[in-house]
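Inspection log for the structure reproduced underneath, given as structure tokens.
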Amino acid sequence: RLDDVMLQQLAQAGGDIDATTEMAELTLLQQEVAEVAESQSERVTILLAAGASPNSLTPDGQPSLHLFCATCVGAGAHGSAQSEIVASLLAAQADPTFTGPGGTALHVMAVSMLAEG
Numbered sequence: 002r003l004d005d006v007m008l009q010q011l012a013q014a015g016g017d018i019d020a021t022t023e024m025a026e027l028t029l030l031q032q033e034v035a036e037v038a039e040s041q042s043e044r045v046t047i048l049l050a051a052g053a054s055p056n057s058l059t060p061d062g063q064p065s066l067h068l069f070c071a072t073c074v075g076a077g078a079h080g081s082a083q084s085e086i087v088a089s090l091l092a093a094q095a096d097p098t099f100t101g102p103g104g105t106a107l108h109v110m111a112v113s114m115l116a117e118g
């Protein structure tokens with residue numbers, strides 16, 4: 002896993018911030034929000050400041066906001082760090098009205114919460 006300094010250096014050097022990996026088929030931003038237990042709002046902020054698109058879709062059609070909402074609920078992660086990440090994604094123009102496979106981000110979160118019981 003890249004540390005924050007290396008991440009900033011690679012982004013400043015012109016690395017493709019929205020490139021996907023062969024193994025995960027996710028962008029760095031998507032990987033960061035999918036690992037909600039380890040996600041740090043600072044890392045998400047670095048990626049967004051470097052130009053990462055919050056609206057790039059995962060192979061199954063989810064943008065980062067949807068992925069993060071579903072993952073937060075699934076991991077039982079609710080707190081200020083998670084709120085900061087949602088705020089950062091929205092500030093970077095993540096589309097909360099995008100309707101993907103599970104509906105909007107709000108629908109995804111609600112369905113995930115209901116599934117947990």
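For the numbering used here, count along the sequence shown from 1 and bump the result up by 1. Even glycine gets a Cβ: it sits at the ideal position worked out from N, Cα and C.
Report task. Using DSSP bridges, identify the partner residues of G104. Result -> On the sequence shown, position 103 is the one that residue 104 refers to. G101, per the DSSP bridge assignment.
**Report entry** Contacting residues, own chain, Cβ-Cβ under 6 Å from A12 (five flanking each side not counted)
**Finding:** Translated into the one-based positions of the sequence shown, residue 12 becomes position 11. Cβ within range, chain order: I18, A51.
Query - For T46, the first and last residue of its enclosing alpha helix (DSSP H) - result: Looking up residue 46 in the sequence shown gives position 45. That run of the alpha helix (DSSP H) goes 42–50.
Report task. Take A20 as the anchor and find which of F69, S54, A71, H108 has the nearest alpha-carbon. Result -> As a working mapping, residue 20 is identified with position 19 in the sequence shown. Per the Cα distances, S54.
Query raised in the report: The alpha helix (DSSP H) spanning L91 covers which residue range?
Result: Sequence index remark: in the sequence shown, residue 91 carries index 90 (1-based). For L91, the enclosing alpha helix (DSSP H) covers residues 81–92.
Requested in this report: Give the single residue among S81, T28, Q94, V109 whose Cα lies nearest to the Cα of T100.
Outcome: One-based indexing of the sequence shown puts residue 100 at position 99. Of all alpha-carbon atoms in S81, T28, Q94, V109, the one lying nearest the alpha-carbon of T100 is that of V109.
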